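Numbering (our numbering), first residue to last: 220 to 319.
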Amino acid sequence: MKALPHRISLMDAAVLLCALEDQLMREAHLHSAESLGNLRRLTEIRNRSVLAHGYQSISHQESAELEKRAKHILNSYWRLTYPDQNLEQRIEQLRFLKNL
Numbered sequence: 220m221k222a223l224p225h226r227i228s229l230m231d232a233a234v235l236l237c238a239l240e241d242q243l244m245r246e247a248h249l250h251s252a253e254s255l256g257n258l259r260r261l262t263e264i265r266n267r268s269v270l271a272h273g274y275q276s277i278s279h280q281e282s283a284e285l286e287k288r289a290k291h292i293l294n295s296y297w298r299l300t301y302p303d304q305n306l307e308q309r310i311e312q313l314r315f316l317k318n319l
């Protein structure tokens with residue numbers, strides 16, 4: 220059996236986790252071809268932007284869409300990992316760091 224490479228891309232990881240029926244992928248609604256296609260589209264937007272590897276600016280709408288998806292995935296992870304904690308409350312507890 221061939222081993223996985225030491226590094227894999229974000230989309231390769233997402234497809235692999237989806238194939239393995241990973242709980243986070245289900246919780247984050249990333250368990251269908253359509254949702255993975257949407258993730259790929261957002262990843263391409265991010266990668267072309269100055270936020271990551273690229274040289275292009277992104278629109279306000281694209282930025283809002285990236286933020287919404289990132290928050291959704293983070294909330295999904297948080298619910299699975301810390302079921303007794305509220306993420307929004309935790310963020311508020313840590314918000315003082317922003318003002319330092």
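The beta-carbon is built from N, C-alpha and C at its ideal position, and this holds for glycine as well. Remember, predicted model here, so these are calculated numbers, not experimental data.
Kindly give me the distance between the Cβ atoms of residue i and residue j, rounded to whole angstroms, as I take these residues to be in contact under 8 Å.
i, j, result
"Ala233", "Leu249", "6 Å"
"Ala222", "His291", "32 Å between Cβ atoms; not a contact."
"Gln275", "Arg267", "5 Å"
Between the options, which has its C-alpha nearest residue i's C-alpha?
i, options, result
"Glu286", "Leu258, Asn305, Arg226", "Leu258"
"Thr262", "Asp231, Ser251, Leu306", "Asp231"
When DSSP labels each residue in this structure, what does residue i get in the three-state scheme?
i, result
"Gln275", "strand"
"Ala233", "helix"
"Asn257", "helix"
"Ile227", "coil"
DSSP beta-bridge partners for residue i?
i, result
"Ser268", "Gln275"
Taking Cβ to Cβ, would you say residue i is nearer than 7 Å to residue j?
i, j, result
"Tyr296", "Leu236", "no"
"Ile264", "Glu253", "no"
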